[in-house]
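Residue numbers (our numbering): 215 to 432.
What follows is a set of notes on a single structure, which appears directly below.
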Amino acid sequence: MKRLLFLALALLLVFGGAFFIQESQKESGQAELAQLASQEASSESQIQEAASASSSQTSETSQDGSNQSNESDAETKPVPKIPNSQVMTADGEEVDLHSLMTNGKPTIINVWAAWCPPCQEEMPYFQTAYDQYKDQFNFIIIDGLASKPSETMETAQAFLADNNLTLPVYYDVNRSTQIKLGMNIFPTTILFDKDGNRQRINGQISQDQLMAFLEANS
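Structure follows, in structure tokens:
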């Protein structure tokens, strides 16, 4: 009888220990699985954060690149369609007309002469326009040398000085600009808006017309 009880107790201990070991291993396995799941979730989160940061950086780079491209486009914007010619600065330096129009800004070309009464009336409000908008527009004021025998650089500069005019004035060389622009009346104004569209005004432009153009394209 005692032997049977001892055998039963031994069997109980063996099976009980085996069950305890199995449960322990099961709990340990579940813990490892939970830890692995946690690590995977953490890695996924880090990947998403890195991807988000990379996307944001790419977006910023793209925007910066777009701005640089726009600035580059503005600097290399084609010259508005107009015949090229040589004009002279007050210092006697010859420059291409096109070189004064390559920065992408709207442009105002005015061809005038000191002997011309409508030209004389225009100059003060061209000066006002220049003072207000000189950073936003190209002002190319061209004196029509030799449009009459009396029209010389000296007579033009005397008119400018007598009327306190400081806007940039260039001088036609051998009447090349007058000929290429088909000048048949003084003054003549050619306006190029911000899209490069051209408007030609033969004769005197009014101050209201000039200011309306400037305001629309500033």
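In this text, a Cβ means the ideal position worked out from N, Cα and C, and glycines have one as well.
Quick caveat, the model's predicted, so the values are computed rather than measured.
A direct Cα-to-Cα measurement between Leu379 and Pro332 gives close to 16 Å.
Proximity of the region 364-376 to the region 395-410 falls short of the contact definition, fewer than three beta-carbon pairs being nearer than 8 Å. Per the coordinates, the alpha-carbon of Arg412 lies some 32 Å from the alpha-carbon of Asp376.
Comparing alpha carbon positions, the residue from Ala360, Ala328, Asn298 closest to Met315 is Asn298.
Under DSSP, the beta-bridge partners assigned to Val301 are Val309, Asp386.
Around the beta carbon of Ile354, 16 or more other beta carbons lie within 10 angstroms, which makes this residue buried. Here DSSP, grouped into helix, strand and coil, assigns Ile296 to coil.
Counting other Cβ atoms within 10 Å of its Cβ, Ile419 reaches 16 or more and is therefore classed as buried. Runs of the beta strand (DSSP E) lying entirely within the region 344-432 and spanning at least 3 residues, in chain order: 352-357, 383-386, 402-406, 412-416.
Under DSSP, Thr321 shares a beta bridge with Asn352, Phe406. Burial state of Ser361 is buried, judged by a 10 Å Cβ sphere holding 16 or more other Cβ atoms.
Note that the region 341-358 touches the region 421-432; at least 3 beta-carbon pairs, one per stretch, sit closer than 8 Å.
One thing to note: Ile356 has its Cβ within 8 Å of the Cβ of Asp386.
Rounded to whole angstroms, the gap between the alpha carbons of Leu428 and Thr391 is 24 Å. When the five nearest sequence neighbours on each side are left out, the beta carbons in the same chain lying within less than 7 Å of the beta carbon of Asn416 are those of Ile399, Thr402, in order along the chain.
Taking Arg389 as reference, the option from Glu365, Gly318, Asp407 with the minimal CA-CA separation is Glu365. Taking each of Gln300, Ile296, Ala304 in turn and checking the Cα distance to Leu381, the smallest one comes out for Ala304. Scanning its chain for C-beta atoms nearer than 6 Å, with the 5 sequence neighbours on each side dropped, one finds around Cys330 the residues Phe400, in chain order. Taking C-beta atoms under 8 Å as the contact rule, Phe406 and Pro320 qualify, at a distance of about 6 Å.
Residues of the same chain with a CB within less than 6 Å of the CB of Ile404, apart from the 5 flanking positions on each side, are Ile323, Arg414 in chain order. Of the other Cβ atoms in all chains shown, 16 or more fall within 10 Å of the Cβ of Glu336; this residue is therefore buried.
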